[in-house]
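Residue numbers (the numbering used here): 511 to 1409.
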């Protein structure tokens, strides 16, 4: 019987059957407890999950909310993870079929996702990425034959514009086929049924510790218990716990017996051990007895040993008490997390309770970088023997260098005013790459500092701050930059021994990243918005609170395209800080999120009568510390995974020496980003975004002339690249999707006015939307041309007229009449209770369908809904038969008695 599409591990030994023996009990490992005691010959398999009913419910949700990502099971091309791996021809057939499937095509218009500003970027980024690979120690560690095969496969993937620079936050058949089956590989090795990915090992560990903390909310003891020796991973483990408000307690072997007499609410939030720890067996046994679950952290060195110490494929049988696993990056380009159940994984995927659109990420970052996932995918395609050679030959990261090290921004480098020809850019970039001693290492060399400084300096042409003493760093994305900003503020406050209750942050209607940060780091978020923007009068009323530590502002909001009044906000905070300075108090920090605001910054530079949205310039001469974030991958058009954070008054120095969580750009990433910027030049970006701004203004005029209402239009600024439009009962968006346009839903748009329309659609627009489609017109123009008649047709339907007359806006019946119940479901997230749990579960299933869609070499039930239905029908028949027989026997007894 042929396997369904996926990655089969043929040649790894006999397949474990459904009746395979359970993992060893935890007590069996007490004597050794080492990794050697867990190793079993032959390939592993993804085990069956715990309950047929749970599987059926999960599958039902996934099919209902996101069926398109599961269609890859219909593919005919198969790839085989074996000892020798796949051939180039097998991979090419797989890729060709995958990209030709329904659901793999790009929408004509969608909100965000594709950020490239020039088609040439794809060419030079693919070329430079392949140059990095050709000169890497990783490639040199392979045999000559494997090198040729690897280069052919990698070029097939990374020189394809549809694969190299993907954002897996937008689930599709392509991401489901690759990510779902990629995750099968660690599942097979460690024998757990569910998995997710993270940008690095620290992020993977933080995700799981956060989930354990959320599961045990209300416990008096906020301790993570580390059993046994953690080796060089101890600083990372300690920091991951500390940033989540957890205390790490280290315990030697035999110490768990002390916890037996403790009340349940005084036991630790989580118990963890490293894979090679001699105490792993004891810790697993304790966790199994107390139904607590043990978390196992796998270091890069331990993962490599699995390959280097075993000539043929093996798998590990973890004790039953092990509930979760986190894996460091190093041999792999990403960190990974594994689970026995979906509960833990669901808990670290934060549902947007206050934010007004559906947006969720399986890791701490936001817009994920698909390139490292693609690299891991291609690595495993080479087979066990090749991965073992990489494990031996590729250098291990120096984790002692995983500290934040902000650089002081020197005098500005010479600006690249006009673009440089492609040939010169490529020549410069390749020379820079070859000058790096270690392109993949995490440490900051002098040459890397120079690259980082030049990278930030170019962005200062637009975010300002040339005349301000400042520090800067690069991170892996906008959400990570926002996390970094809050971590810097908290580290500053801790160093100042700030007393009192928990810290407070003032804001308007912030990005989901802020809502997530508040949950993770434990500060209180106070919203002061009116029509989306921070109300300056409300800010004056709250700023004198001594617990206020920061004000979060937005130069451009993703939900509605508004901008906060930065100059007025800075004036209020500066006045407060002068009063605090007189009392030797700790100043309030202004955090400015301008990740999406590149076009706003160009259109509002303070010249020619425009307002200035450049906070670093506005703050020159002020005593108020400011932090500004700016994404290079969103609007400068570089490959994903490049964001910048700049701070004044030494605020970022508070992080110095602390461990970072989440990947940051390597030297080669910075070189590629600089190559993109040099190709465009400052004037090239200005010209492009002036054109985009005009096209968006024309689109807004067309939308308003067509009878539609732009949300919070009076708080929009020139150059805003986000359009949010009222859509009563969410009726227009589904019809536009059928025409090939993918918008983001908006719900609870005006929470202060329950009688107003609360639903709408949103677009975050990019230069990519200016590309010609449909006979030469731009994608944005095609969208607006189709939008106006669609809106008018919807408003003229009988259902819409009856709904407006007889049904209350935002009611379930109104949404059902419009044929789109999704906004009603999303609105349930705002209130604690059953509705939030139900809506949250469905949204999580939408996101995680692609994580669980690997279907080959697994003991997971192939069709749990059908199996449950069959068993239910069988039970009903048996029950009916028993009932009939019982009645017949009763009738027979009555007849006998009557005689």
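Where a beta carbon is used, it is the ideal one built from N, C-alpha and C, also for glycine.
A quick note: this is a predicted structure, and the numbers were derived from the prediction, not measured.
In the three-state scheme derived from DSSP, where H, G and I count as helix and E and B as strand, residue 1345 is classed as helix.
Rounded to the nearest angstrom, the Cβ distance from residue 919 to residue 1018 is 28 Å, too far for a contact under 8 Å. For residue 1141, the enclosing beta strand (DSSP E) covers residues 1136-1141.
Restricted to the stretch 730-800, the alpha helix (DSSP H) segments that are unbroken, complete and at least 4 residues in length are 744-752, 790-799, listed in chain order. Between residue 729 and residue 779, the CB-CB gap stays under 8 Å. In the three-state reduction of the DSSP assignment, residue 980 falls in the strand class.
Of the residues 1077, 1359, 832, the one whose Cα lies closest to the Cα of residue 1126 is 1077. Under the three-state reduction of DSSP, residue 1169 is assigned to strand. Under the three-pair Cβ rule at 8 Å, the stretch 925-932 does not count as touching the stretch 669-684.
Looking at the DSSP output, residue 849 bridges to 704, 834. As a beta-bridge residue in DSSP terms, residue 1252 pairs with 620. Membership of residue 1374 in the alpha helix (DSSP H) is indicated by the continuous run 1374-1408. Taking residue 751 as the centre and dropping the five residues before and after it, the same chain places the C-beta of 719, 734, 757, 758 closer than 8 Å to its C-beta, in chain order.
According to the DSSP assignment, residue 938 belongs to the alpha helix (DSSP H) that extends over 932-945. Separation of the CB atoms of residue 991 and residue 837 is rounded to 25 Å, and the pair is thereby denied contact status at 8 Å. According to DSSP, residue pairing for residue 1062 in a beta bridge involves 1017, 1101. Residue state for residue 593 is assigned as coil, using DSSP reduced to three classes.
The residues 1126, 1127, 1156, in chain order, have a CB closer than 7 Å to that of residue 975 in the same chain once the five nearest residues on each side in sequence are set aside. Residues 1236 of the same chain have their beta carbon placed closer than 6 Å to that of residue 1219, with the five preceding and five following residues left out of the count.
Partner residues in the beta bridge of residue 1157, as assigned by DSSP, are 981, 1137.
In its chain, beyond the 5 residues on either side, 779 have a beta carbon closer than 7 Å to the beta carbon of residue 726.
For residue 894, no beta strand (DSSP E) run applies; the uninterrupted alpha helix (DSSP H) run containing it begins and ends at 894-903, by DSSP.
In its chain, beyond the 5 residues on either side, 517, 596, 600, 601, 604, 891 have a beta carbon closer than 7 Å to the beta carbon of residue 589. The beta-carbon separation of residue 1333 and residue 1240, rounded to 4 Å, stays under the 8 Å limit for a contact. In this chain, the alpha helix (DSSP H) harbouring residue 1112 covers 1108-1113. A Cβ-Cβ distance of about 22 Å is found for the pair residue 1106 and residue 1049, leaving them out of contact under the 8 Å criterion.
In the displayed model, residue 825 falls within a strand according to three-state DSSP. In this structure, the CA atom of residue 1034 is about 43 Å from the CA atom of residue 889. When DSSP states are grouped into helix, strand and coil, residue 913 belongs to the strand group.
Nearest in C-alpha terms to residue 874, of all of 748, 851, 709, is 709. Annotation for residue 1080: the continuous alpha helix (DSSP H) segment containing it runs 1076-1092. The continuous beta strand (DSSP E) containing residue 1034 extends over residues 1034-1037. Separation of residue 1122 and residue 656 (C-alpha to C-alpha, rounded to the nearest whole angstrom) is 55 Å. Rounded to the nearest angstrom, the gap between the Cα atoms of residue 1225 and residue 1046 is 13 Å.
Per DSSP, residue 1233 is one residue of the beta strand (DSSP E) stretching across 1232-1236.
When the beta-carbon positions are compared, residue 1158 and residue 1181 stay at least 8 Å from each other.
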